[in-house]
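The block underneath contains the structure these notes are about, expressed in structure tokens.
There are 2 protein chains.
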Amino acid sequence: MSDRTAGRPRTIDPDRVSLVALRLFHERGYDTVSMDEVAGAAGVSRRSLFRLFPTKASLVWGGLDEFVDRFTAALARQEDAESADLALRRAYEAAARFPAGTVETTRHRLRVISANPALRAEGVGRSAALVDEVVRFIGVRDGLPDHDLSAVVRAHAFAAASGAALAWWAAHDAGRPEAVVARALAHLR
Amino acid sequence: MSDRTAGRPRTIDPDRVSLVALRLFHERGYDTVSMDEVAGAAGVSRRSLFRLFPTKASLVWGGLDEFVDRFTAALARQEDAESADLALRRAYEAAARFPAGTVETTRHRLRVISANPALRAEGVGRSAALVDEVVRFIGVRDGLPDHDLSAVVRAHAFAAASGAALAWWAAHDAGRPEAVVARALAHLR
């Protein structure tokens, strides 16, 4: 159970630990699996596990920060898109381009989230800042007043549609997530 | 503080108690107000309060069940609408026709929910069954296979847009909520 061999610290791969945890959550339910069980299954000490993942939730959400980074970077590149809606479709599609090595871990993350109402609700909270950013983007891009109803509604609709598309991909589609997001957002036109 | 006078039980109006509680939540923040303080401000005993409202959350959510009832009833009447999207717009608009006597309480409910991330997240969980109902409606109405991506995405987009429209109405609009929902959903066309 120790992650040290002969006094030398072994490098722990956080992605591997996440994947072990996500498989356990998927098989047995997120709520019933303890951090001790995750540590045991991953072959790392409880202490090392908590150093990498301070909470059980961080085992689930860790890899989704890069989604937000890709989204923000892509949106910044869309200044000459013909419309705010087109810019948003492209940015959500770019965000869904998870690197090949992380696609299956992402699928596990999304399945665990979909299966757990508390995690689904937490996801909405976690995406609130991104939605606010999108409201501002639409407002500036379309020259709308602050707190314009249309900007608020479109931002929430895009966020919900993208989230639903990713959950659908994780459950039903063996291909690339960005292809599903692109098809999904075409339905908002 | 007792809600009995000379041994005779006084009738307690749940709507009035909710409104007192919602005003306290709005002024001081949902998390910082205790059930004892709600009982005190409403002039009812702690016991009577808990009989009517078993949890603090039920003071916030109580009146939104009728929203779901109006939605479900309206959707059942839309069988000859030209499209599933038109049927959904009409059903969300009908659901937002809060009776005149409850409009300002509803505004308070929505403001308290908007101001509290945990309540916002809870709202998403509470609307999950309604979204599933909408996915099934779109699937049947448009003759789509089970778990069709388009039905799932449109159902989530409509739910998010309606929720955002109601929150926007509570914060920014002095008129009727269904008028705002109608304008908001027109942006999904």
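If you read the sequences in order, they're chains A and B. For the record, in the first sequence the residue sitting at position 110 is 117 according to the working numbering, with numbers rising by one throughout. For the record, in the second sequence the residue sitting at position 162 is 169 according to the working numbering, with numbers rising by one throughout. Using N, Cα and C, we set each Cβ at its ideal position, and we do this for glycine too.
Specify the secondary structure class of A/L151 as computed by DSSP and reduced to three states. For the purposes of this step, residue 151 of chain A is identified with residue 144 of the first sequence, where counting begins at 1. Residue state, collapsed to three classes: coil.
Residue-chain proximity (B/E140, chain A), Cβ-Cβ < 8 Å: Counting from 1 along the second sequence, the entry for residue 140 of chain B is found at position 133. Output row for B/E140: interface = no.
Taking contact to mean at least 3 C-beta pairs separated by less than 8 Å, is the region 140 to 149 of chain B in contact with the region 150 to 164 of chain A? no
Quick check: the Cα distance between A/R208 and B/L93, rounded to an integer number of angstroms? In the structure displayed, chain A extends from 8 to 196; residue 208 of chain A sits before or after that span and is not available.
Taking 8 Å as the CB-CB limit, is B/A191 close to chain A? What you label residue 191 of chain B is simply residue 184 of the second sequence in a count that begins at 1. With 8 Å as the cut-off, B/A191 counts as an interface residue toward chain A.
With A/P106 as the anchor, note down where its alpha helix (DSSP H) starts and where it stops. Here residue 106 of chain A corresponds to residue number 99 of the first sequence, with the count starting at 1. That residue, A/P106, is in no alpha helix (DSSP H); it is neither H nor E in DSSP.
What does the Cβ neighbour count give for B/H163, buried or exposed, with the cut at 16 atoms within 10 Å? Indexing the second sequence from 1 puts residue 163 of chain B at position 156. It is buried - the Cβ of B/H163 has at least 16 other Cβ atoms within 10 Å.
Please list the residues of the region 133 to 160 of chain A that have a C-beta atom closer than 8 Å to any C-beta atom in chain B, keeping them in chain order. A135, H154, L156, S157, V159, V160
Exposed or buried, what is B/R11 when buried is set at 16 or more other beta-carbons lying within 10 Å of its beta-carbon? Within the second sequence, residue 11 of chain B is the residue found at index 4, counting from 1. Note that B/R11 has pLDDT 48, beneath the 50 cutoff, so the model's placement of it is unreliable and no number is given.
I think B/A174 touches B/S121, with their Cβ atoms under 8 Å apart; what is that distance to the nearest whole Å? The residue you call residue 174 of chain B lines up with position 167 of the second sequence. The residue you call residue 121 of chain B lines up with position 114 of the second sequence. Sure, about 5 Å apart at Cβ, within 8 Å.
Between B/E100 and chain A, is there a C-beta pair that is closer than 8 Å? As a working note, residue 100 of chain B is residue 93 in the second sequence. Chain A, which has no Cβ nearer than 8 Å to the Cβ of B/E100, makes this no.
Hey, is the region 121 to 139 of chain A in contact with the region 126 to 133 of chain B, meaning 3+ C-beta pairs nearer than 8 Å? yes
In the DSSP assignment, find the unbroken alpha helix (DSSP H) run with A/P61 in it and report its ends. Taking the first residue of the first sequence as 1, we reach residue 61 of chain A at position 54. Where A/P61 is concerned, there is no enclosing alpha helix (DSSP H), given that its DSSP letter is neither H nor E.
Quick one: Cα of A/R23 to Cα of B/H154, how far? Position 16 of the first sequence, counting from 1, holds the residue named residue 23 of chain A. Position 147 of the second sequence, counting from 1, holds the residue named residue 154 of chain B. About 31 Å.
Beta-carbon proximity check, A/R104 vs A/R77, cutoff 8 Å: Your numbering for residue 104 of chain A matches position 97 in the first sequence. Your numbering for residue 77 of chain A matches position 70 in the first sequence. Result yes, Cβ atoms of A/R104 and A/R77 sit closer than 8 Å.
Cβ-based burial, B/G70 [other Cβ within 10 Å; buried from 16]: The sequence position of residue 70 of chain B within the second sequence is 63, counting from 1. Its Cβ being crowded by 16 or more others within 10 Å, B/G70 is buried.
Assign A/S52 to one of three DSSP states: helix, strand, or coil. Counting from one through the first sequence, the residue named residue 52 of chain A turns up at place 45. Here A/S52 sits in coil by DSSP.
Under DSSP, the alpha helix (DSSP H) around B/A186 begins and ends at which residues? Looking up residue 186 of chain B in the second sequence gives position 179. First-last of the alpha helix (DSSP H) with B/A186: 184 to 193.
Where does B/V115 land, buried or exposed, given buried means 16+ other C-beta within 10 angstroms? As a first step, residue 115 of chain B must be located in the second sequence, where it is residue number 108. For clarity, residue 115 of chain B is His in the given sequence; the question names Val instead. With 16 or more other Cβ atoms within 10 Å, it is buried.
Do A/T40 and A/I19 have their CB atoms nearer than 8 Å? Along the first sequence, read from residue 1 onward, the residue named residue 40 of chain A stands at position 33. Along the first sequence, read from residue 1 onward, the residue named residue 19 of chain A stands at position 12. According to the sequence provided, residue 40 of chain A is Val. The question's Thr does not apply to it. The answer is no: Cβ separation not under 8 Å.
Quick one: does A/A88 have its CB under 8 Å from some CB of chain B? In the first sequence, counting from the first residue as 1, residue 88 of chain A sits at position 81. Not closer than 8 Å to any Cβ of chain B, the Cβ of A/A88 fails to qualify, so no.
Please return the same chain residues whose Cβ sits closer than 7 Å to the Cβ of B/A91, not counting the five positions on each side in sequence. For the purposes of this step, residue 91 of chain B is taken as the residue at position 84 of the second sequence. Hits under 7 Å: F144, I145, R148, D149.
If you measure from the beta carbon of B/V5 to each beta carbon in chain A, is any gap under 8 Å? As shown, chain B starts at 8 and ends at 196. That puts residue 5 of chain B outside it, with no answer to give.
Hey, how far is the Cα of A/R30 from the Cα of A/D43? Start at 1 with the first residue of the first sequence, and residue 30 of chain A comes out as number 23. Start at 1 with the first residue of the first sequence, and residue 43 of chain A comes out as number 36. So the alpha carbons of these two residues sit roughly 15 Å apart.
Round the Cβ separation of A/A166 and B/A166 to the nearest angstrom and send it over; I've been treating them as touching at under 8 Å. The residue labelled residue 166 of chain A in the question sits at position 159 within the first sequence. The residue labelled residue 166 of chain B in the question sits at position 159 within the second sequence. With 8 Å as the limit, A/A166 and B/A166 do not qualify as a contact, their Cβ atoms being about 12 Å apart.
Use the C-beta contact count for A/T6: other C-beta atoms within 10 angstroms, 16 or more gives buried, fewer gives exposed. Residue 6 of chain A lies beyond the stretch modelled for chain A, which goes from 8 to 196, so this question has no answer here.
Please list the terminal residues of the continuous alpha helix (DSSP H) segment that includes B/A88. Taking the second sequence and counting its residues from 1, one reaches residue 88 of chain B at position 81. First-last for B/A88: undefined, no H or E at that position.
Determine the closest residue to A/L66 out of A/Y99, A/A101, A/V119, A/D139, with distance taken between C-alpha atoms. The residue labelled residue 66 of chain A in the question sits at position 59 within the first sequence. Answer by Cα proximity: A/V119.
For the candidate residues A/A28, A/S169, A/P21, whose alpha-carbon lies nearest to that of A/A101? On the first sequence, position 94 is the one that residue 101 of chain A refers to. When each option's Cα is compared against that of A/A101, the closest is A/S169.
Around the C-beta of B/M8, are 16 or more other C-beta atoms found within 10 angstroms, so that it is buried, or is it exposed? As a working mapping, residue 8 of chain B is identified with position 1 in the second sequence. Confidence at B/M8 is low in this model, with a pLDDT of 46, below 50, so its placement is unreliable and no value can be given for it.
Of the choices B/A172, B/H179, B/R183, whose alpha-carbon is the least far from that of B/A193? For the purposes of this step, residue 193 of chain B is taken as the residue at position 186 of the second sequence. Ranking the options by Cα distance to B/A193, first place goes to B/A172.
What are the residues of the region 101 to 127 of chain A that lie near chain B, defined by any Cβ-Cβ distance shorter than 9 Å? P124, A125, R127
Measure the C-alpha to C-alpha separation of A/Y37 and B/A181 and round it to an integer number of angstroms. As a working mapping, residue 37 of chain A is identified with position 30 in the first sequence. As a working mapping, residue 181 of chain B is identified with position 174 in the second sequence. Using only the alpha carbons, I get a separation of about 44 Å.
Looking at the secondary structure, which residues open and close the alpha helix (DSSP H) in which A/L126 lies? As a first step, residue 126 of chain A must be located in the first sequence, where it is residue number 119. Per DSSP, A/L126 belongs to the alpha helix (DSSP H) from 124 to 133.
Name, please, each residue of chain B whose Cβ falls closer than 9 Å to the Cβ of A/V187. Looking up residue 187 of chain A in the first sequence gives position 180. Correct list: L156.
Quick one: measure Cβ to Cβ for B/T112 and B/L26, integer angstroms, because I've assumed they're closer than 8 Å. Against the second sequence, residue 112 of chain B aligns to sequence position 105. Against the second sequence, residue 26 of chain B aligns to sequence position 19. B/T112 to B/L26, Cβ: 5 Å. Contact.
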